[in-house]
Amino acid sequence: MTTIPPREDDSQLEVGERETWAVGVPGIVHSMVPAIEGMGVARTAKLMLGLNQKDGYDCPSCAWPDPDRRKAAEFCENGAKAVTWEATPIAVPRSFWGQHSIDDLLTRSEHWLGMQGRLVEPVYKPAGKNHYEPVSWEKAFAIIAERLNELDSPDEAAFYTSGRTANETAFAYQLFVRAFGTNNLPDCSNMCHESTGTAMGETLGVGKSTIAYDDFEDTDLIIVMGQNPGTNHPRMLTALEDAKRKGAKIVAINPLPEAGLMRYKNPQRPRGIVGHGTKIADQFVHIRLGGDMALMQALSKRVLDAERTAPGTVLDHEFLAEHCSGLEEFVAHIDRLDEAEVLEATGLTASEIDELAERYITADRVIITWAMGITQQKKAVGTIKEIVNLLLLRGNMGKPGAGASPIRGHSNVQGDRTMGIWEKMPDAFMDALQAEFGFDPPRKHGLDSVNAMKAMARGEIKVWFAMGGNLVAAISDSQVAEAAMRGTRLTVQVSTKLNRSHAVIGEEALILPTKGRTELDRQASGLQFVSVEDTVCAVHASNGKVEPISNHVLSEVAIVSRLARAVLGEDSPIDWAGFEANYDLIRDHIANVVPGFENFNERIRNIDGFVLPNGPRDSRTFNTLTGRAMITVNHLEPVVRPEGTLLLQTLRAHDQYNTTIYSLNDRYRGIKKGRSVVFVNPLDLDELGLEDGQSVDVFSEWNDGIERVLRSYRVVSYPSARGCAAAYYPEANVLVPLDSVTDESNTPVSKAVVVRLVPAAAPALAE
C-alpha cells in the first residue's frame with residue numbers, strides 16, 4: 025500500500041536563473057495560451073471577460089478584493105489558470121472507472137489526476153472492491169444517509185469545507201450538520217488563517233482585515249510579511265503599484281526574495297510591456313524563519329525609545345488613552361527585550377531593524393499585511409498580536425490608509441467562516457439558529473482539521489464528508505493522515521476534478537460531482553446566483569457564465585439540500601427542497617441569523633454588493649473582553665536550530681494553487697519540469713558539506729519514532745535566509761508532524777520544520 029503521495033516525473037528537471045521581476049508579457053502568454061488551447065477562443069473570451077466583473081463570477085482562485093473601477097481584464101495569470109482548470113470541456117469518461125482501480129489511482133500524481141477532466145456522474149466504491157462504479161444520485165444519497173444514521177453518535181462524523189464554497193452553500197451545509205447533531209466542521213481555515221482569527225479576535229474583536237481596498241492608495245507605508253503576492257494573489261501587485269504611484273513606501277519581510285516584490289511589470293500598462301515596470305520593495309528584510317515575532321517586538325521597542333527621546337511626538341497618546349488597554353504592562357515587558365536575542369532570532373543587523381523602525385515612525389498611515397508565512401509558525405498567534413501592538417502604538421487602526429490586512433487564500437474562505445463554518449461558533453450564533461429554525465443546535469465544540477485527523481486515527485471518526493478540497497494532501501504528516509483516512513467506514517468527496525483524496529479513502533467511498541463557479545445554475549425557480557466575501561469584508565454576487573459540463577452534475581446547494589432530506593427525512597421542519605429551488609430562501613434566513621446581512625436579498629442585487637460592518641475599521645470600536653483594543657504581552661521563544669540542521673518552510677510553485685498542480689514549472693524560481701527540489705543558501709551548503717545539484721534525503725527531526733523523509737531531492741543553491749531552506753507543498757507535508765502545531769490556533773507548523781539533509785544513495789537529477 026502506498027504510504028505517501030507519488031512523485032512527479034522529475035527525470036527532465038531543469039534548474040535555471042531565477043527571475044527578478046514578475047508578470048509582464050510572460051504572464052499573458054502563460055495564462056492565455058493554455059486557456060485557448062484547452063477551451064477555444066470563444067469560450068476563453070466569454071469566461072475571461074466575465075471573471076471578477078460586477079455582473080460576472082468571482083474568481084475561483086484567491087480572495088483578493090476587487091476595485092470599484094474594474095478593468096476589462098480584471099484577472100491575473102493564476103486566476104486564468106484556475107478558470108481554465110475548472111472550465112475545461114474535457115470530462116472523465118465512464119470507462120475511466122473500469123480502467124483505473126483504486127490501487128492504480130494511488131500511484132498517480134496530483135497533476136495527472138487533475139488532468140483527467142471534469143467529474144460528471146456520482147461514483148461509488150463498495151466495501152471490498154477496488155474500483156469506483158457509477159451510481160445514481162438517489163443511491164448515493166441513500167448510502168450516505170444509511171451510514172450517517174447508523175452511527176452511535178453524530179460526533180462520529182466530520183464535515184469538511186473548502187474555502188471555495190459560496191455563502192449560500194456554506195450556510196445550508198453548516199445548518200444541515202448542526203441539525204444532524206454535531207459541530208465537527210473542520211475547514212481549510214484551520215490550516216491557513218486560524219492564527220489570524222485567534223489573535224485578532226482577542227485583541228481587536230474581529231478576525232478580519234481592518235482596511236478597505238482603497239486604503240492601499242491612501243497609505244504612506246505598506247509592510248508585507250510572509251507573503252508572495254506574485255504567485256499567490258498576483259492582483260495585489262497592481263494595488264502595490266498604485267500605492268507606489270501615490271508615494272507610498274513598501275517593505276518586504278520574507279525568508280526568500282520573491283520576484284513579485286522586487287519589480288512588477290503590469291501587463292495592462294505600456295511600461296509593463298516595453299519598460300522596466302515598477303520597483304515594489306524599497307527595503308527587503310531577509311528574515312530567518314520564525315524570527316518575525318522578535319522583529320515586531322524590536323520595532324515596538326524602538327518606537328517606545330523614540331517617544332522617550334521626543335516625548336509626545338511618536339506615540340498616538342489620544343488613541344491609546346481612549347481606545348486601548350494593556351499599554352503599561354506591554355512597555356514594561358518590551359523594555360526587557362534582549363537585543364542580542366533579537367538579532368540571533370531574526371538573522372538581521374541592528375541597522376536593518378533601525379531602518380525599518382525609522383520608516384514606521386515617520387509614516388503617518390501604515391498597513392501591515394501578511395499571509396501564511398506568518399500564520400503557520402509555532403508562535404503565529406503571538407506574532408500577529410505583536411503586529412497589532414505595533415499598529416496600535418501609533419494609532420494605525422480605524423483611519424484611512426492604516427490597519428491590519430491579513431490576505432486570505434481561497435476565494436470565499438472568509439465568507440464560509442462568517443456563515444458558520446467553524447467548530448467553535450459562539451452561543452449568539454447558535455441562539456440565532458435556534459430562533460430561526462426551531463431546533464437546539466449542539467453546543468459542544470467540535471473538531472478542527474488536525475484534531476479530526478487525530479480522531480480518525482483513533483477510530484472515532486467513521487464517516488468523513490468533504491465539501492470540496494483535498495484535505496488528505498493539504499494537511500500535515502501525509503503518511504499519518506493517509507493511514508487515518510483509510511480507517512474510516514465511508515468517505516465522501518464533493519468535487520469538480522480528481523485529486524489525491526479520491527484515492528485515499530475509507531472502506532466505502534463516494535465522489536459527488538458538482539458544478540463549478542463558472543457554470544450557469546438553473547433550478548426550479550429559474551437561474552440562480554451565489555455570493556462570496558473577499559478579504560476586505562466586501563460581499564458580492566457571483567453569476568456563472570457557461571453551460572454546465574453535464575446535465576448530471578448538481579450544484580453544491582442542491583447536493584446539500586438533497587443530502588439533508590435523505591438524512592433528516594422529508595418531515596424535517598427546514599425547507600430543504602425550497603432551498604434547492606430558490607437560493608433567495610437561504611439568503612432570507614442568512615439575513616435573520618448572521619449579523620451584517622440584514623436585507624441580504626435586496627443588498628446583494630446591488631451591482632457593487634456591500635461591505636460588512638467592521639468595528640475597528642469603521643468606528644474604532646472593539647468587541648473584546650475589555651471593550652478596547654488589547655495591547656498584549658507575548659513571550660519570545662526563538663526557534664532552536666540544532667547544529668547540522670536547517671529550518672524548512674513549505675511553499676507553492678508558481679504554476680500551482682493550493683494542492684492543484686497546473687504544471688511542473690516554477691519560472692520565477694528558475695525550476696522547470698520537476699518539483700523534487702530543496703532550496704538552500706549557498707553558505708549553508710558549504711557549512712553542511714553539500715554541493716549545488718547534489719541529491720539528498722531530507723529528514724524531519726521530530727522525535728516520535730516515525731521516519732519522515734523526502735528521498736532523492738535535488739539541492740538548489742538559492743538566496744534563502746541563512747539556516748533556512750524551502751521545498752514545495754504538498755509534497756513536503758510528509759515532513760510536518762501532525763503534533764507540530766501553532767500555539768493557541770492548532771494550525772500545522774509548516775514554516776519552521778527542523779530538517780537534516782543527508783547525501784542520497786541515488787544519483788543527482790540530470791540537468
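Position in the sequence shown (from 1) plus 24 gives the number in our numbering. C-beta atoms are modelled at their ideal positions from N, C-alpha and C, and glycine is treated no differently. Here the structure is a predicted model, which is why all the values come from computation and not from measurement.
Distance between residue j and residue i (C-alpha atoms, nearest Å)
i       : j       : result
Met-286 : Asp-690 : 17 Å
Lys-697 : Leu-37  : 5 Å
Ser-119 : Glu-145 : 12 Å
Glu-594 : Leu-264 : 53 Å
Val-327 : Ala-374 : 14 Å
Trp-488 : Ser-213 : 18 Å
Ala-562 : Lys-95  : 18 Å
Ile-297 : Gly-51  : 11 Å
Ala-490 : Ile-655 : 38 Å
Gln-140 : Asp-128 : 14 Å
Glu-571 : Asp-79  : 17 Å
Ile-391 : Ala-381 : 14 Å
Arg-629 : Arg-611 : 12 Å
Trp-446 : Gly-470 : 8 Å
Leu-789 : Asp-34  : Summary for Leu-789: the model assigns pLDDT 46, below 50, so the residue's position carries little reliability, and this model does not support an answer.
Val-366 : Leu-672 : 20 Å
Arg-676 : Thr-255 : 8 Å
Gly-433 : Cys-216 : 8 Å
Leu-457 : Pro-450 : 11 Å
Arg-269 : Thr-766 : 38 Å
Val-275 : Gly-668 : 32 Å
Gln-680 : Asp-211 : 20 Å
Phe-461 : Glu-379 : 57 Å
Ile-695 : Val-412 : 37 Å
Asp-242 : Asp-92  : 15 Å
Asn-2   : Arg-644 : Nothing in the structure corresponds to residue 2, since the chain is present only between 25 and 791.
Residue environment, residue i, which counts as buried when at least 16 other CB atoms sit within 10 Å
i       : result
Leu-551 : exposed
Glu-731 : exposed
Lys-149 : buried
Thr-538 : buried
Met-25  : Confidence in Met-25 is poor, its pLDDT being 46 and thus under 50, which makes the residue's placement unreliable; the coordinate value appears in the next sentence. Answer is exposed; the Cβ neighbour count stays below 16.
Ala-582 : buried
Thr-515 : buried
His-659 : exposed
Thr-262 : buried
Ser-160 : exposed
Ser-579 : buried
Val-779 : buried
Pro-113 : exposed
Pro-29  : buried
Arg-360 : exposed
Ser-549 : exposed
Pro-666 : exposed
Beta-carbon contacts of residue i that lie in its chain and below 7 Å, excluding the five residues immediately before and after
i       : result
Cys-100 : Pro-258 and Arg-259
Gly-103 : Leu-75, Cys-83 and Ser-85
Lys-478 : Leu-762
Ala-330 : Val-338 and Ile-385
Reference residue i; option with closest CA among the options
i       : options                               : result
Asn-20  : Val-554, Ser-574 and Thr-559          : With the chain covering 25 to 791 only, the question about residue 20 has no answer from this structure.
Leu-636 : Val-230, Trp-109, Thr-222 and Ala-203 : Val-230
Ile-408 : Val-584, Ile-685, Val-248 and Ala-751 : Val-248
Val-20  : Arg-482, Met-443, Ile-431 and Thr-515 : Residue 20 cannot be examined here, being either before or after the span of the chain that is shown, 25 to 791.
Arg-467 : Pro-178, Trp-161, Glu-174 and Leu-137 : Pro-178
Asp-632 : His-564, Leu-609, Thr-650 and Ile-614 : His-564
Ala-194 : Thr-234, Asp-440 and Ser-429          : Asp-440
Ala-115 : Gly-620, His-678 and His-576          : His-576
Asp-244 : Arg-389, Thr-645, Arg-652 and Leu-592 : Arg-389
Leu-494 : Thr-771, Ile-685 and Glu-226          : It should be noted that the sequence gives Asn, not Leu, for residue 494. Cα-wise, what sits closest to Asn-494 is Ile-685.
Tyr-753 : Leu-688, Asn-208 and Leu-781          : Leu-688
CB contact check: residue i to chain D, cutoff 8 Å
i       : result
Leu-670 : Included in the structure is just one protein chain, with no chain D present.
Cutoff 6 Å; reference residue i; Cβ partners in own chain excluding five residues on either side
i       : result
Val-528 : Val-496, Glu-506 and Met-509
Asn-625 : Asp-608 and Arg-611
Cys-348 : Leu-416, Arg-652, Ala-653 and Ile-655
Contacts around residue i, its chain only, beta-carbon distance under 8 Å, and the 5 residues preceding and following it disregarded
i       : result
Arg-746 : Arg-312, Gly-371, Asn-705, Leu-707 and Asp-708
Okay, do the segment 749-769 and the segment 488-507 touch, 3+ Cβ pairs below 8 Å being the bar? The way I'd put it, the segment 749-769 does touch the segment 488-507; three or more beta-carbon pairs between them come closer than 8 Å.
Do the segment 764-776 and the segment 311-318 touch if we need at least three Cβ pairs shorter than 8 Å? Result yes; three or more Cβ-Cβ pairs closer than 8 Å.
Is the segment 516-536 touching the segment 163-173 in the sense that three or more CB pairs, one from each, lie closer than 8 Å? With the rule of 3 Cβ pairs closer than 8 Å, the segment 163-173 counts as touching the segment 516-536.
Indicate whether the contact test is met: 3 or more Cβ pairs, each with one atom in the segment 201-212 and one in the segment 420-427, closer than 8 Å. They do not touch, by the three-pair rule.
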